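Student: If you count the sequence shown from 1, position 53 lands on 71 in the working numbering, and the numbers rise without skipping.
Every residue gets a Cβ at the ideal spot worked out from N, C-alpha and C, and that includes glycine.
Quick caveat, the model's predicted, so the values are computed rather than measured.
Provided herewith is a single structure, encoded as structure tokens, for subsequent inquiry.
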Amino acid sequence: REDYDWTKEIISKYSLDKKCEILFSVVFGKLEPVQLVNWILEDKLNVRFQLQMHKFIWHPETKGV
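Quick look at the structure:
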């Protein structure tokens with residue numbers, strides 16, 4: 019949650035959501051995607067959420083995909 023809170027502060031401090039598209043993603047296996055999505059929705063952040071699709075299509079340890 020520490021990284022998320024820091025990112026929220028930076029977005030707000032520099033009005034980044036007014037200047038560019040912001041993408042949020044989890045580190046696979048470290049945080050469940052639903053948890054990050056819930057934080058984004060609760061805070062009403064103007065950001066996009068993305069998944070590392072290759073981790074779902076191929077085994078997460080597969081290299082070079």
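Assuming asparagine 64 and aspartate 23 make a contact with CB atoms under 8 Å, what is their CB distance in whole Å?
Tutor: With a Cβ gap of about 17 Å, asparagine 64 and aspartate 23 do not count as contacting.
Student: Tell whether a beta-carbon distance below 8 Å holds between leucine 54 and valine 44.
Tutor: Cβ distance < 8 Å, so leucine 54 and valine 44 count as in contact.
Student: Considering only residues of the region 20-47, which uninterrupted alpha helix (DSSP H) runs meet the minimum length of 4 residues and lie entirely inside it, listed in chain order?
Tutor: As far as the region 20-47 is concerned, its whole alpha helix (DSSP H) runs of at least 4 residues are 20-32 and 34-37.
Student: Note the first and the last residue of the continuous alpha helix (DSSP H) segment covering asparagine 56.
Tutor: Segment 51-61, the alpha helix (DSSP H) holding asparagine 56.
Student: Suppose contacts are defined by Cβ-Cβ distances below 8 Å. Is phenylalanine 74 in contact with phenylalanine 42 by that definition?
Tutor: Taking 8 Å as the Cβ cut-off, phenylalanine 74 and phenylalanine 42 do not qualify as a contacting pair.
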